[in-house]
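Engineer: Those letters in the sequence shown? Residues 26 to 114, per our numbering, in order.
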Amino acid sequence: MRLRPHKNWKNLKRKPGSAGVIRTSPNEVTSVRLFEIRNEIRTLISEYRPEVVAIERVLFQRNVKTAVSVSQVIGVIMVEALDADCEVV
26 MRLRPHKNWK
36 NLKRKPGSAG
46 VIRTSPNEVT
56 SVRLFEIRNE
66 IRTLISEYRP
76 EVVAIERVLF
86 QRNVKTAVSV
96 SQVIGVIMVE
106 ALDADCEVV
């Protein structure tokens, strides 16, 4: 992992509050996995009450299946964040 400093890093007022991993069972169907992720995101937003939710841009090369799955999860996160009046960056 590599951190790239922001241009105005010293002037940056927002700091990360938490980071982690949400895991789901690969044996479950996609809809159930997305539902579980949604519930976890909703719980985290309720607990931490962030003003901003940052979602990293993901670069895909060849694996279309992975691209679709990750895009679905990003959509779930964005909707939950916006529903909680969080800015999404």
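Think of the CB as a built atom: it goes at the ideal place given N, C-alpha and C, for glycine as much as any other residue. The structure presented is a predicted model; accordingly, all values stated were derived computationally and were not measured.
Evaluate contact between the stretch 84 to 92 and the stretch 51 to 69, counting only Cβ atoms and requiring at least three cross-stretch pairs below 8 Å.
Structural biologist: They do not touch, by the three-pair rule.
Engineer: Take I70 and list the residues in its own chain whose beta-carbon comes closer than 8 Å to its own, dropping the five residues that flank it on each side.
Structural biologist: Along the sequence shown, read from residue 1 onward, the residue named residue 70 stands at position 45. Excluding positions up to five away in sequence, the list reads V78, E105, A106, A109 and C111.
Engineer: Would you please state the rounded distance, in angstroms, between the beta carbons of V113 and M103? I believe it to be under 8 Å.
Structural biologist: Counting from 1 along the sequence shown, the entry for residue 113 is found at position 88. Counting from 1 along the sequence shown, the entry for residue 103 is found at position 78. Contact flag correct, Cβ pair sits at about 5 Å.
Engineer: Check this for me: beta carbons of T49 and I66, under 8 Å apart or not?
Structural biologist: Taking the sequence shown and counting its residues from 1, one reaches residue 49 at position 24. Taking the sequence shown and counting its residues from 1, one reaches residue 66 at position 41. Contact flag unset, no.
Engineer: Is DSSP giving V113 helix, strand or coil here?
Structural biologist: As a working note, residue 113 is residue 88 in the sequence shown. DSSP places V113 in strand when its eight states are reduced to three.
Engineer: I need the boundaries of the alpha helix (DSSP H) containing N64, first residue and last residue.
Structural biologist: Residue numbering aside, residue 64 sits at position 39 when the sequence shown is read from its first letter. Counting along the chain, the alpha helix (DSSP H) containing N64 begins and ends at T55 to Y73.
Engineer: Roughly how many angstroms lie between the CA atoms of P51 and R87, to the nearest whole one?
Structural biologist: For the purposes of this step, residue 51 is identified with residue 26 of the sequence shown, where counting begins at 1. For the purposes of this step, residue 87 is identified with residue 62 of the sequence shown, where counting begins at 1. Roughly 21 Å between the two C-alpha positions.
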